[in-house]
Each structure stands twice: as C-alpha cells, then as structure tokens.
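Q:
In our numbering, the protein residues as written are 1352 to 1453.
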C-alpha cells in the first residue's frame, strides 16, 4: 500500500496551529457539565492522530530520520492519551451511576 500526499512541512505546521487554535476555543467555551462528552470526543480526535502518525510512518523510507522519530513519538503519545482518556472518562461516568443499596 503506497500513499502519496505531497504535503510540505509548512502544511503540517499550519495544521498543528489550526488544531491548537480550535482546541483553545472549544475548551474555553464548554460548560463544566459537558466535560465528560468533551473528553470522549477528544479521545476520538487522539485516535485520528494515531492513524495520521501511522500513515506518516508508512509513507517514508525505513531510514531512521527525524520524521520517523517524530511520527513514532506522535503515535506513542496519542496511544497514551487515548487509553488514559478512556480510563478517566470511565471513572467520571461511574460517578453518575446511582449507588447500590445493600
């Protein structure tokens, strides 16, 4: 499977800056009651980041260069973020369940 996106490094920089600005605006404008659904949504976004990092790893030659290192770190951090996010979301949702009476 071969991918050819023909993206320049500046395109990646624009994407990162746009994501940062959108993330700041979303977090700033979300009421406290909606933080659990927001975390679930950010887990999905982190999953997309993992897929993007894997696509970057598949696109380049197997040579050990900076792009390989950065993509590998992105996949690792994205995976940690997704698994930690699911753990925290699960704990937050357990707080809303009624306690069992013995």
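No residue lacks a Cβ here, since even glycine has one placed at the ideal position from N, Cα and C.
This one's a predicted model, so the numbers in the text were calculated from it and none came from an experiment.
#1: If you measure between the beta carbons of residue 1426 and residue 1405, is that distance less than 8 Å?
#2: Between 1403, 1430 and 1431, which lies nearest to residue 1418 when the distance is taken from Cα to Cα?
#3: Residue 1381 and residue 1389 look like a contact to me (Cβ under 8 Å); what is the Cβ gap, rounded to whole Å?
#4: Please report the straight-line C-alpha distance between residue 1398 and residue 1374, rounded to a whole angstrom.
#5: Measure the CB-CB distance between residue 1394 and residue 1436 and report whether it falls below 8 Å.
A: Checking against the coordinates, here is how it stands:
#1: It is a contact, given that the beta carbons lie within the stated cut-off.
#2: The shortest Cα separation from residue 1418 among 1403, 1430 and 1431 belongs to 1403.
#3: Correct: roughly 5 Å between the Cβ atoms.
#4: 16 Å
#5: yes
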